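Following: one structure in structure tokens, then a few remarks.
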Amino acid sequence: MITFDTAVTQHTTATRRLQSVSLQMATGKREMGGIQLDPANFSMASKFDTQVHRLDAALSNAGNAVSMLQTQDGTLRSVGKALNRMGELAILAQDITKSDADRALYAEEF
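Residue numbers (full-length UniProt numbering): 1 to 110.
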């Protein structure tokens, strides 16, 4: 399983490699680390570029999923607090020492 941090690290490394190759090809340098930059290698670099773009999309999707889950978590916490308060009010309203006015206030808040 690839974690978000691992994906970010791999993406950063791949982007740096792609930028290096693209710069060398754009400046006309025909060799990089002993590898000739010919059409076949350019094709491989193009496929590599496509893979980098896919990783970009995957990282973006993962970030969106994290944001959505954080939003849902906050919403569920708020609902939980409201339900807890409703339970407290229900218990308070059942107290025989409370007046009808107190119960009316509890019912209003409920």
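Heads up, the beta-carbon is just placed ideally off N, CA and C, and yes, glycines get one too. Here the structure is a predicted model, which is why all the values come from computation and not from measurement.
- In this structure, DSSP gives Ser-60 a helical state, which the three-state scheme calls helix.
- Between Ala-101 and Asp-73, the alpha-carbon positions lie close to 36 Å from each other.
- Per DSSP, reduced to three states, the secondary structure at Ser-99 is coil, with no helix or strand assignment.
- Ala-57 and Ala-7 do not touch by the CB rule: their CB atoms are close to 11 Å apart, not below 8 Å.
- By the neighbour-count definition (other C-beta atoms within 10 Å, threshold 16), Val-66 is an exposed residue.
- In the structure shown, Gln-72 adopts helical secondary structure according to DSSP, grouped into three states.
- Rounded to whole angstroms, Leu-59 and Gln-51 show a C-alpha spacing of 12 Å.
- Val-21 sits buried, since 16 or more C-beta atoms from the chains shown fall within 10 Å of its C-beta.
- Less than 9 Å separates the beta-carbon of Phe-48 from that of Ala-14.
- At a Cβ-Cβ threshold of 9 Å, Glu-109 and Leu-89 count as neighbours.
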